[in-house]
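In terms of my numbering, the sequence shown opens at residue 317 and continues consecutively. As structure tokens, the structure follows; a few thoughts come after it.
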Amino acid sequence: MDTFLNAGSTMVILFIIVSCGFVARKLHWTDDKFDAGLTKLIMNISCPALILDSVLGNTNLPDAPFILNILIISIVAYAGILILAWVAPKIYRAPRESLGAHQFTIAFGNTGFIGFAVVGAIIGSNAVLYASMYNIVFNLVIFSFGAYFVQASGSVKLTARERLTTMISQLRSPAMIACFIALVLALLGITDLDGMIGRTCDMLGAMTPPASMLVIGSTLAKYNFGEMFGNWRIYPTALLRLLAVPALFYFIGSFFTTDTYMLGVLALENGMPAAALGTMFCLTYGGDLKTMSQGMFVTTILSVVTIPLVTLALF
């Protein structure tokens, strides 16, 4: 119950910050240029620092077999999530042109931009460490199967070489590089709690949650609320993303470990709103941008309620 109350209070605080970003956009204090610039700072500086701080500022690092187990669980569990995402929208007859957007929304949450911020704020640095290990698998899957989902129903077809080039370029991003560095540091047991690098990462990483929420609020202010809520099929997709996916991850993962805390962290990471990368895929492959935007909007709004509920169920 204490964890639930902490999650609830944390989400309320984050929602207030989101509201500040929303109001700032309405008052024209922010715009697309500001959001794009702040997003670059978050993804290229503060988020990588947050990931590195999860290791450098951690005095109780898990051992190598434990970390490798996280990677194995993430790979196997994602196979089940991809099957769910592939089948479910066909059951409630999602139109062919929007099928990829529904499948992507179900399969992929915003594990980096929002996920690191939320699990870190609710649970702590260990959670960010586990999430960063999981995120290595997540990025490999999203740039392969995620791109495939959108492309399959999109109007633009890229060659296998072009898809591979896109995936490789994203795997070289600062956040992804930070995940790999964090993995190496954790395997070697290297920390720097009171050192200059550790303290720097701690200070920079601390800006990730509030800055991320401000950008989300400013982005949400661009949408027409009536239009975003008008597609009934987005609701089962949203509930699958926010509730069914974390439950499925926990269920599959329970066959590989008895560590309920680690499983809870990874499952909570899977309960985040839809990944923002979906819009980039829609623009690249000619996917259904409107449905993808609806998925991001609705899951972001509902996550204020579902994340505390998922936390209560897991911890």
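Beta carbons: idealized from backbone N, C-alpha and C, even for Gly.
Three-way DSSP call (helix, strand, coil) for residue i in this model
i	result
G470	coil
A592	coil
G546	coil
G580	helix
G262	Summary: the structure shown does not reach residue 262, with the chain confined to residues 317 through 631, and so no result is reported for it.
G324	helix
G425	strand
K606	helix
N540	coil
S489	coil
M523	coil
D510	coil
F631	coil
I623	helix
G439	Looking at the sequence itself, residue 439 is Ile, so the reference to Gly does not match. If DSSP states are grouped into helix, strand and coil, I439 belongs with coil.
N451	helix
T475	coil
Whole-angstrom distance between residue j and residue i, CA atom to CA atom
i	j	result
N451	W345	33 Å
N385	S534	38 Å
A629	E478	42 Å
P364	V561	26 Å
M327	V334	10 Å
L582	N540	33 Å
L605	A437	31 Å
L357	A527	9 Å
I430	P525	7 Å
A423	T615	13 Å
L503	P378	8 Å
L558	I623	8 Å
L372	L445	10 Å
A443	Y577	9 Å
P405	D518	41 Å
G521	R409	42 Å
Q610	L415	13 Å
P552	T516	43 Å
L642	F382	Here the chain comprises residues numbered 317 to 631, so residue 642 is not present and cannot be evaluated.
G396	F465	15 Å
Residue from the options with nearest C-alpha to residue i
i	options	result
F420	L445, G462, V392	G462
A592	I397, F572, T355, M578	T355
P589	F572, F613, L605, F597	F613
V339	V531, C598, I617	V531
G470	M608, A323, N360, N442	M608
I484	F459, S370, L579	F459
V453	V392, D518, T622, S414	V392
L387	D369, L415, M449, A401	M449
M512	L556, A491, D369, L536	D369
M523	S325, A433, K342, T627	A433
E585	G440, L343, F331, I399	G440
G425	L556, G514, W402	L556
C495	I329, N360, L330	N360
Local Cβ density within 10 Å of residue i, reported as buried at 16 or more and exposed below that
i	result
Y394	buried
A380	exposed
S362	buried
D510	exposed
A447	buried
D348	exposed
A352	exposed
G632	Residue 632 is absent from the structure shown; the chain starts at 317 and stops at 631.
T595	buried
Chain C contact for residue i (CB, 8 Å cutoff)
i	result
L582	Absent here is chain C; the protein component of the structure consists of one chain.
Could I get the ranges of all uninterrupted alpha helix (DSSP H) runs contained in the segment 338 to 417, with 4 residues as the minimum, in chain order? Segments of the alpha helix (DSSP H) lying fully in the segment 338 to 417: 348 to 357, 363 to 372, 380 to 407.
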